[in-house]
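Chemist: Before we start, here is the structure in question, set down as C-alpha coordinates.
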Amino acid sequence: MKVFITAPCLGAFGGIEAFCLRLARHLREEEGFKVKLAFREVKGFQLKNSLRDAIEASPCETHFLKGRWKELAPLIKWSDLVHGHNPSISPVALAKRYRKPCVLTVYNWRRRGWSLRLALWGLANRWADRSWYISKFVWDTWEPRKRKPTSARLPVISELPEGVVSTEERSGFFFVGRWIPNKGLRLLLDAYKAAKLDKEKWPLRVAGDGPLREEVLNKISEEKIEGVETLGFVSEEKRKELTRRTKWMVTPPNTNEDLGLTPLEARSVGVPCIVTNDGGLRETGGQDALRCEPGDLQGLTHLLETAAKMPELEYINRSHQTKEELSNYLEPLSRYGEEYRKLLRAFPK
(Lines of atoms letter the chains of each structure in order from A and count residues from 1; the text may use other names and numbers.)
(Lines give C-alpha, C1' and ligand atoms only; values in the text may rest on other atoms or scores of the structure.)
Protein backbone atom coordinates (compact mmCIF):
# COMPACT_ATOMS: atom_id res chain seq x y z
CA MET A 1 0.00 0.00 0.00
CA LYS A 2 1.22 3.50 -0.86
CA VAL A 3 0.22 6.10 1.74
CA PHE A 4 0.64 9.85 1.36
CA ILE A 5 0.62 11.87 4.61
CA THR A 6 0.34 15.66 4.51
CA ALA A 7 -0.01 18.44 7.07
CA PRO A 8 0.24 22.25 7.28
CA CYS A 9 3.47 23.42 8.89
CA LEU A 10 5.05 26.56 10.38
CA GLY A 11 8.54 25.06 10.31
CA ALA A 12 8.97 23.96 13.93
CA PHE A 13 9.00 20.42 15.31
CA GLY A 14 5.63 20.53 17.06
CA GLY A 15 3.02 17.96 17.99
CA ILE A 16 1.57 17.49 14.49
CA GLU A 17 5.01 17.18 12.89
CA ALA A 18 6.14 14.70 15.55
CA PHE A 19 3.08 12.52 15.07
CA CYS A 20 3.27 12.56 11.26
CA LEU A 21 6.91 11.45 11.35
CA ARG A 22 6.22 8.81 14.01
CA LEU A 23 3.25 7.43 12.06
CA ALA A 24 5.19 7.42 8.79
CA ARG A 25 8.04 5.47 10.39
CA HIS A 26 5.62 2.95 11.89
CA LEU A 27 3.79 2.42 8.59
CA ARG A 28 7.04 1.85 6.73
CA GLU A 29 8.92 -0.25 9.29
CA GLU A 30 6.11 -2.17 10.99
CA GLU A 31 3.39 -2.39 8.32
CA GLY A 32 5.58 -2.60 5.21
CA PHE A 33 3.81 0.32 3.50
CA LYS A 34 5.42 2.74 1.08
CA VAL A 35 5.08 6.21 2.58
CA LYS A 36 5.63 9.75 1.38
CA LEU A 37 5.20 12.75 3.66
CA ALA A 38 4.70 16.41 2.75
CA PHE A 39 4.60 19.44 5.03
CA ARG A 40 2.75 22.33 3.41
CA GLU A 41 4.30 25.69 4.30
CA VAL A 42 1.81 28.17 5.74
CA LYS A 43 2.09 31.92 6.31
CA GLY A 44 4.98 32.66 8.66
CA PHE A 45 6.82 29.44 7.81
CA GLN A 46 10.42 29.34 9.02
CA LEU A 47 12.25 26.03 9.05
CA LYS A 48 13.76 25.31 12.47
CA ASN A 49 16.70 23.02 13.16
CA SER A 50 14.48 20.86 15.37
CA LEU A 51 12.29 19.88 12.41
CA ARG A 52 15.20 19.63 9.98
CA ASP A 53 16.99 17.21 12.33
CA ALA A 54 13.84 15.12 12.84
CA ILE A 55 13.34 14.79 9.09
CA GLU A 56 16.97 13.81 8.53
CA ALA A 57 16.48 11.00 11.07
CA SER A 58 13.31 9.77 9.35
CA PRO A 59 13.42 6.83 6.91
CA CYS A 60 10.57 8.30 4.84
CA GLU A 61 10.70 10.55 1.80
CA THR A 62 9.63 14.00 3.02
CA HIS A 63 8.79 17.15 1.04
CA PHE A 64 8.17 20.80 1.85
CA LEU A 65 5.51 22.31 -0.40
CA LYS A 66 4.73 25.97 -0.98
CA GLY A 67 1.01 25.22 -0.76
CA ARG A 68 0.29 25.08 -4.47
CA TRP A 69 -2.16 22.43 -5.61
CA LYS A 70 0.09 21.46 -8.54
CA GLU A 71 2.78 20.37 -6.05
CA LEU A 72 0.30 18.15 -4.22
CA ALA A 73 -1.23 16.55 -7.30
CA PRO A 74 1.61 14.15 -8.29
CA LEU A 75 2.01 12.94 -4.71
CA ILE A 76 -1.70 12.21 -4.40
CA LYS A 77 -1.77 10.50 -7.81
CA TRP A 78 1.13 8.29 -6.63
CA SER A 79 -0.71 7.13 -3.51
CA ASP A 80 -3.32 4.48 -2.80
CA LEU A 81 -4.62 6.48 0.19
CA VAL A 82 -4.29 10.06 1.44
CA HIS A 83 -4.06 10.95 5.15
CA GLY A 84 -4.51 14.66 5.79
CA HIS A 85 -3.79 16.28 9.14
CA ASN A 86 -6.37 18.98 9.83
CA PRO A 87 -9.15 19.47 7.28
CA SER A 88 -7.43 21.56 4.62
CA ILE A 89 -9.40 21.60 1.40
CA SER A 90 -6.54 21.04 -1.08
CA PRO A 91 -5.56 17.41 -0.28
CA VAL A 92 -9.19 16.35 0.17
CA ALA A 93 -10.35 17.93 -3.09
CA LEU A 94 -7.43 16.44 -5.03
CA ALA A 95 -8.08 13.02 -3.50
CA LYS A 96 -11.67 13.29 -4.74
CA ARG A 97 -10.48 14.36 -8.18
CA TYR A 98 -8.13 11.39 -8.52
CA ARG A 99 -10.53 8.96 -6.80
CA LYS A 100 -8.26 8.20 -3.86
CA PRO A 101 -9.67 7.37 -0.42
CA CYS A 102 -8.94 10.18 2.03
CA VAL A 103 -8.86 10.21 5.83
CA LEU A 104 -8.48 13.24 8.08
CA THR A 105 -7.08 13.64 11.56
CA VAL A 106 -8.73 16.72 13.09
CA TYR A 107 -6.68 18.39 15.82
CA ASN A 108 -8.55 21.60 16.57
CA TRP A 109 -11.97 22.29 18.05
CA ARG A 110 -14.34 23.98 15.64
CA ARG A 111 -14.64 27.73 16.11
CA ARG A 112 -18.03 29.40 15.91
CA GLY A 113 -18.98 32.08 13.42
CA TRP A 114 -18.34 32.27 9.71
CA SER A 115 -15.25 32.76 7.60
CA LEU A 116 -14.10 31.36 4.27
CA ARG A 117 -11.46 29.28 6.02
CA LEU A 118 -13.98 27.73 8.42
CA ALA A 119 -16.36 27.03 5.55
CA LEU A 120 -13.62 25.26 3.57
CA TRP A 121 -12.57 23.25 6.63
CA GLY A 122 -16.17 22.15 7.09
CA LEU A 123 -16.43 21.17 3.43
CA ALA A 124 -13.18 19.21 3.57
CA ASN A 125 -14.34 17.36 6.66
CA ARG A 126 -17.63 16.42 5.00
CA TRP A 127 -15.86 15.20 1.87
CA ALA A 128 -13.37 13.01 3.75
CA ASP A 129 -14.04 9.27 3.77
CA ARG A 130 -13.01 9.06 7.43
CA SER A 131 -12.71 11.76 10.11
CA TRP A 132 -10.63 10.98 13.19
CA TYR A 133 -10.72 13.47 16.06
CA ILE A 134 -7.92 13.68 18.61
CA SER A 135 -10.31 13.96 21.56
CA LYS A 136 -13.96 13.61 22.41
CA PHE A 137 -13.98 17.35 23.10
CA VAL A 138 -12.84 18.16 19.55
CA TRP A 139 -15.29 15.61 18.14
CA ASP A 140 -18.19 17.20 20.03
CA THR A 141 -17.48 20.61 18.49
CA TRP A 142 -17.58 19.21 14.96
CA GLU A 143 -20.44 16.74 15.37
CA PRO A 144 -22.46 18.03 18.34
CA ARG A 145 -25.76 16.36 17.54
CA LYS A 146 -25.18 13.14 15.66
CA ARG A 147 -22.02 11.13 15.12
CA LYS A 148 -21.24 10.15 11.56
CA PRO A 149 -20.63 6.41 11.11
CA THR A 150 -17.35 7.33 9.41
CA SER A 151 -16.03 9.26 12.44
CA ALA A 152 -14.04 8.12 15.48
CA ARG A 153 -11.84 9.37 18.32
CA LEU A 154 -8.17 8.57 17.75
CA PRO A 155 -5.73 10.41 20.05
CA VAL A 156 -2.45 11.37 18.38
CA ILE A 157 0.52 10.36 20.48
CA SER A 158 4.06 10.22 19.12
CA GLU A 159 6.16 8.79 21.95
CA LEU A 160 5.28 8.65 25.65
CA PRO A 161 7.80 8.37 28.49
CA GLU A 162 8.50 4.92 29.88
CA GLY A 163 9.87 3.60 33.15
CA VAL A 164 7.99 4.13 36.41
CA VAL A 165 10.08 5.24 39.39
CA SER A 166 9.05 4.56 42.98
CA THR A 167 6.91 7.15 44.72
CA GLU A 168 9.74 7.72 47.23
CA GLU A 169 11.91 9.02 44.37
CA ARG A 170 9.31 11.59 43.29
CA SER A 171 8.91 15.12 44.58
CA GLY A 172 6.97 18.31 44.02
CA PHE A 173 4.87 19.66 41.18
CA PHE A 174 5.80 19.98 37.50
CA PHE A 175 4.52 22.36 34.82
CA VAL A 176 5.79 22.06 31.25
CA GLY A 177 4.54 23.93 28.22
CA ARG A 178 4.65 27.14 26.24
CA TRP A 179 4.79 30.24 28.43
CA ILE A 180 1.89 31.99 26.75
CA PRO A 181 -1.37 33.54 28.00
CA ASN A 182 -4.17 31.15 28.96
CA LYS A 183 -1.89 28.15 29.52
CA GLY A 184 -2.31 28.76 33.25
CA LEU A 185 1.28 29.46 34.30
CA ARG A 186 0.52 32.84 35.91
CA LEU A 187 -2.47 31.31 37.70
CA LEU A 188 -0.30 28.43 38.91
CA LEU A 189 2.33 30.77 40.32
CA ASP A 190 -0.34 32.71 42.22
CA ALA A 191 -1.88 29.49 43.53
CA TYR A 192 1.49 28.06 44.56
CA LYS A 193 2.39 31.29 46.35
CA ALA A 194 -0.92 31.23 48.25
CA ALA A 195 -0.84 27.50 49.06
CA LYS A 196 -0.11 26.58 52.65
CA LEU A 197 2.49 23.86 52.16
CA ASP A 198 6.18 23.18 52.76
CA LYS A 199 7.80 24.79 49.69
CA GLU A 200 11.11 23.03 50.34
CA LYS A 201 9.43 19.62 50.41
CA TRP A 202 7.03 20.53 47.59
CA PRO A 203 8.98 22.52 44.96
CA LEU A 204 7.31 23.72 41.77
CA ARG A 205 9.44 22.98 38.70
CA VAL A 206 8.54 25.00 35.63
CA ALA A 207 9.91 24.04 32.19
CA GLY A 208 9.35 25.67 28.82
CA ASP A 209 9.70 29.06 27.22
CA GLY A 210 7.67 31.67 25.38
CA PRO A 211 6.54 35.30 25.24
CA LEU A 212 5.77 35.43 28.98
CA ARG A 213 9.32 34.50 29.96
CA GLU A 214 10.40 37.95 31.20
CA GLU A 215 7.08 38.55 32.96
CA VAL A 216 7.20 35.16 34.69
CA LEU A 217 10.79 35.54 35.88
CA ASN A 218 10.09 39.08 37.14
CA LYS A 219 6.96 37.90 38.94
CA ILE A 220 8.84 35.15 40.77
CA SER A 221 11.62 37.56 41.74
CA GLU A 222 9.55 40.61 42.66
CA GLU A 223 6.89 38.69 44.59
CA LYS A 224 9.57 36.50 46.22
CA ILE A 225 7.74 33.26 45.40
CA GLU A 226 9.79 30.62 47.18
CA GLY A 227 10.12 27.04 45.98
CA VAL A 228 9.91 27.70 42.23
CA GLU A 229 12.61 26.22 39.98
CA THR A 230 12.57 27.73 36.46
CA LEU A 231 14.22 25.30 34.06
CA GLY A 232 13.58 27.00 30.73
CA PHE A 233 13.54 24.90 27.57
CA VAL A 234 14.56 21.29 28.23
CA SER A 235 15.38 18.41 25.89
CA GLU A 236 12.87 15.65 25.24
CA GLU A 237 14.84 13.20 27.40
CA LYS A 238 15.15 15.70 30.25
CA ARG A 239 11.43 16.41 30.04
CA LYS A 240 10.64 12.71 30.33
CA GLU A 241 12.96 12.32 33.31
CA LEU A 242 11.40 15.32 35.08
CA THR A 243 7.95 13.84 34.41
CA ARG A 244 8.91 10.48 35.89
CA ARG A 245 10.29 12.10 39.03
CA THR A 246 7.50 14.52 39.88
CA LYS A 247 4.71 13.74 42.32
CA TRP A 248 2.08 15.65 40.36
CA MET A 249 1.84 17.02 36.83
CA VAL A 250 -0.01 20.37 36.91
CA THR A 251 -1.80 21.45 33.72
CA PRO A 252 -4.19 24.38 34.41
CA PRO A 253 -5.07 26.10 31.09
CA ASN A 254 -8.06 28.27 30.29
CA THR A 255 -7.99 28.01 26.52
CA ASN A 256 -10.19 25.11 25.32
CA GLU A 257 -7.23 22.74 25.08
CA ASP A 258 -7.75 20.40 22.12
CA LEU A 259 -6.21 17.35 23.79
CA GLY A 260 -3.78 17.97 26.63
CA LEU A 261 -0.65 15.91 26.01
CA THR A 262 1.25 16.51 29.26
CA PRO A 263 -1.29 14.61 31.40
CA LEU A 264 -1.01 11.63 29.04
CA GLU A 265 2.78 11.74 29.33
CA ALA A 266 2.54 11.86 33.11
CA ARG A 267 -0.02 9.07 33.39
CA SER A 268 2.07 6.79 31.17
CA VAL A 269 4.64 6.66 33.99
CA GLY A 270 2.10 6.56 36.81
CA VAL A 271 2.17 10.25 37.74
CA PRO A 272 -1.30 11.61 38.59
CA CYS A 273 -2.40 15.06 37.46
CA ILE A 274 -3.85 18.32 38.69
CA VAL A 275 -5.89 19.79 35.83
CA THR A 276 -8.58 22.31 35.01
CA ASN A 277 -11.78 21.12 33.35
CA ASP A 278 -10.67 22.74 30.12
CA GLY A 279 -11.43 21.21 26.72
CA GLY A 280 -9.77 17.84 26.19
CA LEU A 281 -8.32 17.80 29.71
CA ARG A 282 -11.68 16.56 30.96
CA GLU A 283 -10.73 13.21 29.44
CA THR A 284 -6.92 13.18 29.26
CA GLY A 285 -6.48 14.05 32.93
CA GLY A 286 -8.06 10.73 33.90
CA GLN A 287 -10.51 9.78 36.61
CA ASP A 288 -7.89 10.05 39.35
CA ALA A 289 -6.92 13.65 38.58
CA LEU A 290 -7.54 16.48 41.03
CA ARG A 291 -9.70 19.05 39.23
CA CYS A 292 -10.91 22.63 39.37
CA GLU A 293 -12.54 24.99 36.89
CA PRO A 294 -10.39 27.06 34.49
CA GLY A 295 -9.21 30.34 36.02
CA ASP A 296 -10.21 29.33 39.58
CA LEU A 297 -7.35 30.59 41.76
CA GLN A 298 -8.88 29.46 45.04
CA GLY A 299 -9.74 26.07 43.59
CA LEU A 300 -6.22 25.47 42.24
CA THR A 301 -4.68 26.60 45.53
CA HIS A 302 -6.86 24.08 47.35
CA LEU A 303 -5.81 21.29 44.97
CA LEU A 304 -2.11 21.95 45.57
CA GLU A 305 -2.72 21.78 49.31
CA THR A 306 -4.81 18.62 48.92
CA ALA A 307 -2.04 16.95 46.92
CA ALA A 308 0.60 17.88 49.49
CA LYS A 309 -1.49 16.50 52.38
CA MET A 310 -2.61 13.32 50.60
CA PRO A 311 -1.83 10.09 52.49
CA GLU A 312 0.87 8.06 50.76
CA LEU A 313 -1.36 5.01 50.32
CA GLU A 314 -4.02 7.07 48.54
CA TYR A 315 -1.35 8.59 46.32
CA ILE A 316 0.04 5.16 45.42
CA ASN A 317 -3.45 3.94 44.51
CA ARG A 318 -4.05 6.97 42.30
CA SER A 319 -0.67 6.45 40.67
CA HIS A 320 -1.46 2.83 39.76
CA GLN A 321 -5.02 3.51 38.67
CA THR A 322 -4.25 6.48 36.43
CA LYS A 323 -1.64 4.46 34.51
CA GLU A 324 -3.92 1.45 34.18
CA GLU A 325 -6.86 3.56 32.98
CA LEU A 326 -4.68 5.18 30.32
CA SER A 327 -4.17 1.87 28.52
CA ASN A 328 -7.91 1.78 27.79
CA TYR A 329 -7.87 5.33 26.41
CA LEU A 330 -4.98 5.17 23.96
CA GLU A 331 -4.93 3.38 20.61
CA PRO A 332 -1.86 1.62 19.17
CA LEU A 333 -0.39 2.94 15.92
CA SER A 334 -1.34 -0.38 14.31
CA ARG A 335 -4.95 0.88 14.40
CA TYR A 336 -4.13 3.19 11.50
CA GLY A 337 -2.95 0.38 9.25
CA GLU A 338 -6.08 -1.60 10.11
CA GLU A 339 -8.34 1.35 9.27
CA TYR A 340 -6.49 2.06 6.02
CA ARG A 341 -7.00 -1.54 4.88
CA LYS A 342 -10.69 -1.51 5.79
CA LEU A 343 -11.23 1.69 3.84
CA LEU A 344 -9.37 0.45 0.77
CA ARG A 345 -11.41 -2.75 0.71
CA ALA A 346 -14.66 -0.78 0.93
CA PHE A 347 -13.67 2.01 -1.45
CA PRO A 348 -15.45 1.81 -4.84
CA LYS A 349 -13.08 1.01 -7.68
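Those letters in the sequence shown? Residues 964 to 1312, by our numbering. Where is the CB? At the ideal position from N, CA and C, for every residue including glycine.
1) DSSP on K965, reduced to helix/strand/coil?
2) Does the separation of the CB atoms of A1017 and F982 fall below 8 Å?
3) Considering only the alpha carbon of each residue, which of G1173, T1209, Y1155 and R1208 lies closest to I1183?
4) Between the region 1058–1076 and the region 1293–1307, can you find at least three pairs of beta-carbon atoms closer than 8 Å?
5) Whole angstroms are fine: how far does the CA of Y1292 sit from the CA of I1097?
6) Inspect the beta-carbon positions of T1239 and E1228 and report whether they are closer than 8 Å.
7) Evaluate E1131 with the Cβ neighbour count: other Cβ atoms within 10 Å of its Cβ, from every protein chain shown; 16 or more gives buried, anything less gives exposed.
8) Going by C-alpha distance, which of W1084, Q1250, R1176 and P1107 is nearest F1196?
9) Using three-state DSSP, classify I1052 as helix, strand or coil.
10) DSSP state of W1072, grouped into three classes?
11) If I'm right that A1158 touches E1268 with Cβ under 8 Å, what's the distance once you round it to whole angstroms?
12) Within 8 Å of any Cβ in chain B, is that where the Cβ of R1245 sits?
13) By DSSP's criteria, M927 is part of a beta bridge. Which residues make up the other side?
14) Examine the Cβ distances between the region 1134–1153 and the region 1242–1252 and report whether three or more of them are shorter than 8 Å.
15) How big is the Cα-Cα spacing for M1212 and F1137?
16) First and last residue of the beta strand (DSSP E) that includes W1095?
17) When DSSP builds the beta bridges, which residues end up paired with E1314?
18) F1136: beta carbon under 7 Å from a heavy atom of the ligand MG?
19) Checking the sheet assignment: what are the DSSP bridge partners for S1114?
20) Nearest to S1042 by CA position, among H1048, G1223 and L1057, is which residue?
21) Which residues does DSSP pair with V1169 in a beta bridge?
22) Determine which residues share a DSSP beta bridge with L1253 and list them.
23) So V1045 packs on P1054, CB below 8 Å; how close in whole Å?
24) Whole angstroms is fine: what's the gap from E1122's alpha carbon to E1034's?
25) By Cβ distance below 8 Å, which residues in the same chain neighbour T1209 in space, the five residues on each side in sequence not counted?
26) If you check the beta carbons only, do G1140 and G1171 fall under 8 Å apart?
Modeler: Put simply:
1) Here K965 sits in strand by DSSP.
2) No, they are not a contact pair.
3) The shortest C-alpha separation from I1183 is found at Y1155.
4) Segments in contact, yes.
5) Note on geometry: alpha-carbon atoms of I1097 and Y1292 lie some 11 Å from one another.
6) No.
7) With fewer than 16 other Cβ atoms within 10 Å, it is exposed.
8) Closest option to F1196, judged by alpha-carbon separation, among W1084, Q1250, R1176 and P1107: R1176.
9) Annotated three-state conformation of I1052 is helix, per DSSP.
10) Coil.
11) Between E1268 and A1158 the Cβ distance is about 5 Å, and since that is below 8 Å, they are a contact.
12) As a matter of chain content, chain B is missing from the structure shown, which is built from one protein chain.
13) The shown model of the chain, from 964 to 1312, leaves out residue 927, and the question about it has no answer.
14) Judged by Cβ distances under 8 Å, the region 1134–1153 makes no contact with the region 1242–1252, as fewer than three pairs qualify.
15) Answer to the nearest angstrom: the Cα atoms are 5 Å apart.
16) Unbroken beta strand (DSSP E) run through W1095: R1093 to Y1096.
17) Here the chain comprises residues numbered 964 to 1312, so residue 1314 is not present and cannot be evaluated.
18) The ligand MG is not part of this structure, which contains no ligands at all.
19) When beta bridges are read from the DSSP output, S1114 appears opposite S1094.
20) Selected option, being the one with the closest Cα: L1057.
21) F1138 and T1193, per the DSSP bridge assignment.
22) Per DSSP, I1237.
23) Indeed they touch by this definition, with Cβ atoms about 6 Å apart.
24) The straight-line gap from Cα to Cα measures roughly 30 Å.
25) Excluding sequence neighbours, T1209 sits near R1133, S1134, G1135, F1136, F1137, R1168, A1229 and V1234.
26) Cβ distance < 8 Å, so G1140 and G1171 count as in contact.
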